[in-house]
Amino acid sequence: MENNFPAHKKKSFWQRPEGILGALVLFAIIIGGGYLIVANMAAITAFMGNVLGLTVTILALGVLLYMVIDPKMRNLVSYIYKSMMRKITSIFVTIDPIGILKNYIDDMEKNLGNLDNQISNLMGQIRKIKSLWKKNEEEIKDNLARAKKAKELGDEKHMLLSSRKAARLREVNNKYEVLLKKMDILKRLLKKMYDNSEILLEDTKDQVKVKEEERKAIKTSHSAMKSAMNVLRGNKDKRMMFDEAVEYIADDIANKVGEMERMMELSSSFMESIDLENAQFEDKGLQMLEEFEKQSTLLMLEAPKTKSNEFSLDDLSIPEKTTKAKKGKSSSSYDNLFG
């Protein structure tokens, strides 16, 4: 299935909150250092005027040049700098990948509650429409009976009035039937989203527990000094690899949470467009939901192959002539529902 949702992309250090802080600090160091050199140029020149000062300056430049040229030293300095930026950033922002996952768990629990409310509201609307449909059917029968009686009595005026009223009610009920079919699709999508989100929530909670234990084991066996030595040797630090793995999971969960929120937004838009009195609704919202279903990695549903997704009105006792007129119009896709 084609998926148009953004693919997982590994974020570089500079794309993260600690990287933004690191860039600002680095910029401040360069600007501040340049300003201090220019402002104290006379003192620096005087200092370099003697042998000791010149020696110190050459040594300092040599160390700086070595840090730039040597890959191992450059990696070590980079590691120390990044670690400092992470430490400072963590005071103000949650950058711990497991902490971020826990935040997403809170978001999912909140979204599940909202999703449950949406399903309840939708079921209430469906019951209301069924009730209106039944009421209209009774009025249709009543008006047809009156029209028949008026015809027998030769009362053309009342015959026309009753028959026209029955025809108008039949038109409204036909619209209700179309609306119920579309609301049934929405109900199925919302329930599927709810079920899959529940699984995702429990699975994420389990992953967090496992990753917390894994991180404790890594912290116990790898000190900061060992991490620095690994970087110096050119080996990837285990803690860094662990954080990257958890960040990948967090990014995936973030996409899923985004899908949940988008689903609720689209379904709310459709529900708000429904006018029960006139059996009117805006089709655009449901069309967008159909497109969403094709793209969503959380739903992952295939297009229906049978009529099982069509709304059944058997329980509403629709007259046989109405159902017969609709035979032969079923489709294996949603296309006929959005025409």
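The numbering of the sequence shown is this note's numbering, which starts it at 1443 and goes up by one.
Idealized CB from N, CA, C, for every residue including glycine.
It should be emphasised that the depicted structure is a prediction, and the values quoted were computed from it without experimental measurement.
What's the C-alpha gap between residue i and residue j?
{"i": "Val1467", "j": "Glu1656", "result": "33 Å"}
{"i": "Leu1595", "j": "Ala1589", "result": "10 Å"}
{"i": "Glu1619", "j": "Ser1573", "result": "12 Å"}
{"i": "Glu1686", "j": "Gln1729", "result": "38 Å"}
{"i": "Gly1491", "j": "Ala1470", "result": "29 Å"}
{"i": "Lys1576", "j": "Leu1564", "result": "18 Å"}
{"i": "Ile1660", "j": "Ile1540", "result": "14 Å"}
{"i": "Gly1504", "j": "Ile1473", "result": "22 Å"}
{"i": "Leu1779", "j": "Ile1627", "result": "Residue placement at Leu1779 cannot be trusted, given a pLDDT of 30 that sits under 50; the coordinates are not used to answer."}
{"i": "Thr1739", "j": "Lys1617", "result": "33 Å"}
{"i": "Lys1552", "j": "Phe1734", "result": "21 Å"}
{"i": "Tyr1636", "j": "Met1526", "result": "42 Å"}
{"i": "Tyr1477", "j": "Lys1514", "result": "30 Å"}
{"i": "Ile1561", "j": "Leu1741", "result": "16 Å"}
{"i": "Leu1642", "j": "Ala1502", "result": "55 Å"}
{"i": "Leu1507", "j": "Arg1516", "result": "10 Å"}
{"i": "Val1510", "j": "Gln1737", "result": "46 Å"}
{"i": "Leu1518", "j": "Lys1634", "result": "49 Å"}
{"i": "Lys1591", "j": "Met1601", "result": "8 Å"}
{"i": "Ile1716", "j": "Leu1586", "result": "29 Å"}
{"i": "Val1498", "j": "Lys1544", "result": "51 Å"}
{"i": "Asp1512", "j": "Ile1522", "result": "16 Å"}
{"i": "Asn1615", "j": "Lys1593", "result": "25 Å"}
{"i": "Ile1479", "j": "Lys1524", "result": "26 Å"}
{"i": "Arg1569", "j": "Lys1599", "result": "36 Å"}
{"i": "Asp1597", "j": "Lys1623", "result": "39 Å"}
{"i": "Gly1700", "j": "Lys1658", "result": "30 Å"}
Measuring alpha carbon to alpha carbon, tell me which of the options ends up nearest residue i.
{"i": "Leu1708", "options": "Glu1686, Gly1541 and Lys1629", "result": "Lys1629"}
{"i": "Lys1653", "options": "Phe1712, Ile1691 and Ser1715", "result": "Ile1691"}
{"i": "Tyr1546", "options": "Thr1487, Thr1646, Ser1710 and Gly1475", "result": "Thr1646"}
{"i": "Gln1649", "options": "Gly1555, Met1706 and Asp1694", "result": "Asp1694"}
{"i": "Ser1711", "options": "Met1625, Ala1502, Trp1575 and Asn1578", "result": "Met1625"}
{"i": "Ala1465", "options": "Val1493, Leu1507, Leu1478 and Ser1520", "result": "Ser1520"}
{"i": "Leu1621", "options": "Phe1734, Gln1567 and Asn1578", "result": "Gln1567"}
{"i": "Ile1571", "options": "Arg1606, Gln1737, Lys1736 and Met1713", "result": "Met1713"}
{"i": "Asp1549", "options": "Lys1736, Ser1715, Leu1741 and Met1702", "result": "Met1702"}
{"i": "Leu1731", "options": "Leu1632, Ile1479 and Ala1502", "result": "Leu1632"}
{"i": "Leu1463", "options": "Thr1531, Val1498, Leu1506 and Asn1482", "result": "Thr1531"}
{"i": "Asn1784", "options": "Glu1598, Lys1607, Lys1591 and Asp1597", "result": "Lying outside 1443 to 1781, the shown extent of the chain, residue 1784 is not represented and no answer is given."}
{"i": "Ile1542", "options": "Gly1700, Ser1715 and Ala1696", "result": "Ala1696"}
Taking all protein chains shown into account, decide if residue i is buried (16 or more other Cβ within 10 angstroms of its Cβ) or exposed.
{"i": "Ser1750", "result": "Only weak support is given to the placement of Ser1750: the predicted model assigns it a pLDDT of 40, under 50, and the value that follows is read from those uncertain coordinates. It is exposed - the Cβ of Ser1750 has fewer than 16 other Cβ atoms within 10 Å."}
{"i": "Met1683", "result": "exposed"}
{"i": "Gly1475", "result": "exposed"}
{"i": "Arg1528", "result": "buried"}
{"i": "Ile1500", "result": "exposed"}
{"i": "Lys1698", "result": "buried"}
{"i": "Ser1808", "result": "With the chain represented from 1443 up to 1781, any question about residue 1808 goes unanswered, as that position is not in the structure."}
{"i": "Glu1644", "result": "exposed"}
{"i": "Val1688", "result": "buried"}
{"i": "Ser1639", "result": "buried"}
{"i": "Ser1604", "result": "buried"}
{"i": "Met1705", "result": "buried"}
{"i": "Ser1759", "result": "Unreliable positioning characterises Ser1759 in this predicted model, as indicated by a pLDDT of 40, which lies under 50. A coordinate reading is not provided."}
{"i": "Asn1482", "result": "exposed"}
For the ligand ATP, is there a heavy atom less than 7 Å away from the beta-carbon of residue i?
{"i": "Asp1645", "result": "What this structure holds is no ligand at all, so the ligand ATP is not there to describe."}
* Any contact of the stretch 1572-1592 with the stretch 1603-1614, i.e. 3+ C-beta pairs under 8 Å? -> The stretch 1603-1614 and the stretch 1572-1592 touch, with three or more beta-carbon pairs separated by less than 8 Å.
* Tell me, please, whether the stretch 1454-1461 touches the stretch 1521-1537 by the rule of three or more beta-carbon pairs shorter than 8 Å. => A contact exists between the stretch 1454-1461 and the stretch 1521-1537.
* Asked: Does the count of Cβ pairs from the stretch 1483-1493 and the stretch 1556-1572 closer than 8 Å reach three?
  -> no
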